[in-house]
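Mind the numbering: the sequence shown is residues -5 to 177 in our numbering, read in order. Note that CB positions come from ideal geometry on N, CA and C, so glycine has one too. Please read these numbers as outputs of a predicted model, since none were measured by experiment. Before any comments, here is the structure.
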Amino acid sequence: MAFAVWFTGLPGSGKTAIASRAAAQLKKEGIDVKILQLDEIRRVLTPNPRYTDEERDIVYASLAYMAKLLTECGVNVFIDATANRKRYREAARKIIPCFAEAYIRCPLEVCMEREAHRKAAFSPKGIYKRSTGAGANVPGVNVPYEEPLNPEIVIDSDILNSYESAQKAADAIRTLFGENNEN
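This is how it looks when you write it as structure tokens:
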């Protein structure tokens, strides 16, 4: 049965780099993984995002549903998304039988420093800088980021580099889901 792992953490914690490198490591071992990057998918779902609670509810529910459909088709999935509320991740856990949370733990100050030097890509740049503006709602700054209570995987990305973090994630995923997930 295919699995889904939700990589959660503050913006700038290293979710994308770690998920990408862990997927590449697993691919070398014959385990294919599709990464659902919310920053990329959001451009389709909400081309002009407002980042309101209502919009987040829709976006995260859609993301969980996409992951569910993919796992039902035998595709292993990494979900690369902050998901600042526990309820978003718990909703995915309820609908995906083989599910795990990977908490990419990193102090806010480190995330802010990393994000300030982020290269332009799918991820929005300057979100922490804009978090002081009117109506801003950045997880960990103006809106809560609810840390996972019992994540299956915890990676301290301020201590481990992205390669070490990815290796730790890949090792944990192999342990959690076994070798029967080769696709």
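Residue(s) in a DSSP beta bridge with Ile147: Ala96
Cα-Cα separation, Leu170 to Met(-5): 12 Å
Thr2 - DSSP class collapsed to helix/strand/coil: strand
3 or more residues per run - each beta strand (DSSP E) lying fully within the region 21 to 107: 27 to 31, 70 to 74, 93 to 99
Beta-carbon proximity check, Ala85 vs Ala58, cutoff 7 Å: Their beta carbons are under 7 Å apart, which means Ala85 touches Ala58 by this criterion.
Separation of Tyr157 from Asn70, as counted between CA atoms: Looking at the two C-alpha atoms, the distance is approximately 21 Å.
C-alpha gap between Gly6 and Cys67, whole angstroms: 31 Å
Integer Cβ distance of Arg36 from Val53, believed to fall under 8 Å: Contact check for Arg36 and Val53: beta-carbon distance about 6 Å, within the 8 Å limit, so the pair qualifies.
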